[in-house]
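Protein chains in written order, with my numbering: chain U, 2 to 444; chain R, 2 to 444.
Every residue, glycine too, gets a C-beta built ideally from N, C-alpha and C.
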């Protein structure tokens, strides 16, 4: 494409820009997620994309901090949000007196991270978050409900074969405390995480190398080998008899969440207890969640989160425990498309293309307006062109129905309705036409 | 509110942040606009909020350029989009070969302008744009359709009494050319615009002061005094007999658009020809639109746009004429709220709050899941609290129905359904409960 001023028109690296067919699917996914969240009564929330840098930096650190887009405007240090949780913390702190608790909100919006661009990593991406924030206390039942939200959301998106993996940070922390190795938790958890890949022999060697005593290694490997149905895992955890209160609380919480999740109708094959899940973020303190599409474990977790003790300690002295999850929609969409799970459909939302074959547009325009009033998404082809070109336009976009209106049709009081998917063409009156389109066009 | 680190939690000046009740209305308006746009077959489009600075600066100038948020990242000069039109121009140039023309897209998204904060001006605000972009040609019928989109969109938003004012830049340019004062157009148009406020005597004096010859002033005032129904305005324009081709073309286009708009079913009281409308942007070349809510002319135009000769001359040598409009949703929402037209409704989307009065949550959770599966937005109150506090929570949020489930209800196989709007409470079975809620809860 020639370009008069040589300005690059390609989107910046690390930014996703979709063609219409993909965009339409992306929008449908956003809608589906939103409706799933609203089914549970979560309230929509939006916060600005630009925040004071000190607000965002209050929680960021390390890698994230380097990735934040920051800039100066007048006297203000500004930044683009890198997640939806820090803005939620600021929002709840600011509007504390105006909100009812537990505060249940969802937020579907873009966040910004100046990461090194690489496959599957985006600098602008959608997060679809829900959080339930309590004041001073928040019942454990919410932890079960969040799992039900994940299940419902993925099911409504059309997925059947996925597993929500849960764990409880109290179990992990209690285990470490009972062995007196709390300060080594991160390293130990990293080793546990490698178990499936490298096997218990290698994990034993690695743990010994970082100085964990043999008796503790036995306990850790015993812990990490607990597998099975939730009831079996719970029984296995109990059998360890670690005699640590935090651990016991964690086990009891896991057991209770599993029981409640069954009441909520989540099928047993869609969730499991996975003791290797810890989640990177420091602030999770109870239930943690990850979600795997079983046909695509290589995607990693498509929906993750957990229970935290205090949402907004940096902004308020109110004690705000919560539980929440985030779905990385942009990344998941990209992965599903790459894997061929998402196949592009039509490049339009139109259900009907009206093609006038008359000089006087009165009837075609009236028909278009009547179709629209009846809820049919209708476009009219206005350009002068050969019939073939007009049909090609409809085909290229994937509009299912074409209505041809010429002198003959007007004289006979009928319309030619062509189904472009079958090639079938009929002459019918308006009411029949409307009925056919409503019943058979893509919804 | 005490704040441990003294980080300001107020949103930045010039940014809108809504409480739930307002946010819910805002979301509903966004949805309504989107559905109206889709009724006409417009395709959703999203582009990144961050663009190369040179892309955005290719069209910006003067005031706008100073308002652009710009920053450097690595070697890149980046900027936040200040409208949705320049990104559209880049998108169409980049993806020209992959798109079908006419390309009809809508884009509802935020844009960023670092304006001095003042009442009714925002630094982050939603624009709701539609554009129809042709390749080499674009039928005038599209200009009429755009007016029909404006009408439908406002009507679907619940407004009845509004006027879409149209004009045609060719009429104005032709008038100026016929008087030999093309290069004074801007000043002259500014004077015409003041006519209603200061009267013809003062306009005459002002025009004389800037050096317009008396004969030309007569013509201009004669032009500007043309009022009435569209047919009368057209006749009045013809009577001027300016003998300028551009002018005649403009008059013919206005006449044709008016005729087609009637075919499209736009009621005559919802549009008018207003010869004082010129629109600031330089690139409009034909039909221009402004829209006034008649009860609130002080809002200014809530939906504006026009026909342009070439969308993307800075990015491509393809000739891309188009016509489009933009609705400034954030500003309009703010104005409607200030004027009391928008009254906050419920602070939730939930239709039912289930209140368990049992230790065993099996039945309450099952009921919640069944209600959700039937499409009822349902929340369960999990916190330990007195009944009064639970009811207060439902009332504060504005949840219309409460379902109370205690030992008695479970034993009798019924549920207590309370309508919080009427205070009425009944004991009914699940099917009746579901039917009542679906029929009478806010949708």
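Sequence-ordered contacts of the region 241-262 of chain R with chain U read 261 [C-beta pairs closer than 8 Å]. Secondary structure of residue 291 (chain U) (DSSP, three-state): strand. Shown here for residue 88 (chain R): same chain residues with a beta carbon closer than 6 Å to its own, the five before and five after excluded, namely 48, 82 in chain order. Taking CB atoms only, residue 24 (chain R) has a neighbour in chain U less than 7 Å away. When C-beta distances to chain R are compared with 8 Å, the residues of the region 52-66 of chain U below that value are 52, 53, 55, 56, 59, in chain order. Listed along chain R, the residues sitting closer than 8 Å to residue 380 (chain U) by beta-carbon distance are 41, 42, 105.
Using a Cβ distance threshold of 7 Å, residue 332 (chain R) and residue 307 (chain R) do not count as a contacting pair. Residues of chain U whose Cβ lies closer than 7 Å to the Cβ of residue 264 (chain R) are, in chain order, 362, 363, 366, 367. Residue 436 (chain R) and residue 350 (chain R) have their C-alpha atoms roughly 18 Å apart. Within chain U, no residue has its beta carbon less than 7 Å from that of residue 157 (chain R); the closest one is some 11 Å off.
For residue 49 (chain U), the residues of chain R that pass the 9 Å Cβ criterion are 12, 13, 16, 17, 18, 111, 124, 125, in the order they occur in the chain. If the five residues before and after residue 41 (chain U) are omitted, its C-beta is found closer than 6 Å to the C-beta atoms of 150, all from its own chain and listed in chain order.
About 20 Å separates the beta carbon of residue 56 (chain R) from that of residue 51 (chain U), a gap too long to meet the 8 Å contact definition.
The contact set of residue 383 (chain U) on chain R, defined by CB atoms closer than 7 Å, consists of 140, 142, 143 in chain order. Spanning the alpha carbons of residue 329 (chain U) and residue 309 (chain U) requires a straight line of approximately 20 Å. For residue 171 (chain R), the number of other beta carbons within 10 angstroms of its own is at least 16, and it is reported as buried. Within chain U, 20 have C-beta atoms less than 8 Å from the C-beta of residue 96 (chain R), given in sequence order. Under the Cβ criterion of 7 Å, residue 350 (chain U) is counted among the residues facing chain R.
Judged by beta-carbon spacing, residue 345 (chain R) lies beyond the 7 Å limit of residue 54 (chain R), meaning their Cβ atoms are not closer than that value.
Listed in chain order, the non-local C-beta contacts of residue 157 (chain R) below 6 Å within the same chain comprise 33, 37, local neighbours out to five positions each way being set aside. Residues of the region 315-327 of chain R with a Cβ closer than 7 Å to any Cβ of chain U, in chain order: 315, 316, 317, 318. Here residue 108 (chain R) carries a strand assignment [DSSP, helix/strand/coil].
If only uninterrupted beta strand (DSSP E) runs of at least 3 residues are considered, none is enclosed by the region 166-191 of chain R.
The residues 189, 213, 217, in chain order, have a CB closer than 7 Å to that of residue 182 (chain R) in the same chain once the five nearest residues on each side in sequence are set aside. Non-local beta-carbon contacts of residue 320 (chain R) in its own chain, meaning distances under 7 Å to residues more than five positions away in sequence, involve 137, 311 in chain order. Counting C-beta pairs closer than 8 Å gives fewer than three between the region 231-240 of chain R and the region 332-341 of chain U, which falls short of the contact rule. Residue 187 (chain R) sits exposed, since fewer than 16 C-beta atoms from the chains shown fall within 10 Å of its C-beta. Separation of residue 168 (chain U) and residue 161 (chain U) (C-alpha to C-alpha, rounded to the nearest whole angstrom) is 22 Å. The beta carbons of residue 354 (chain U) and residue 395 (chain U) sit closer together than 7 Å. In this structure, the alpha-carbon of residue 192 (chain U) lies about 18 Å from that of residue 289 (chain U). Cβ contact annotation for residue 177 (chain U) (same chain, cutoff 8 Å, sequence separation greater than five): 183, 185, 186, 189, in chain order. DSSP assignment within the region 60-94 of chain U yields the following whole beta strand (DSSP E) runs of 3 residues or more, N-terminal first: 71-74, 77-81. In this structure, the alpha-carbon of residue 74 (chain U) lies about 17 Å from that of residue 11 (chain R). The beta-bridge partner set that DSSP reports for residue 429 (chain U) consists of U:416. Contact annotation, residue 148 (chain R) with residue 134 (chain R): C-beta distance approximately 18 Å; criterion of less than 8 Å not satisfied.
In the structure shown, residue 354 (chain R) adopts extended strand secondary structure according to DSSP, grouped into three states.
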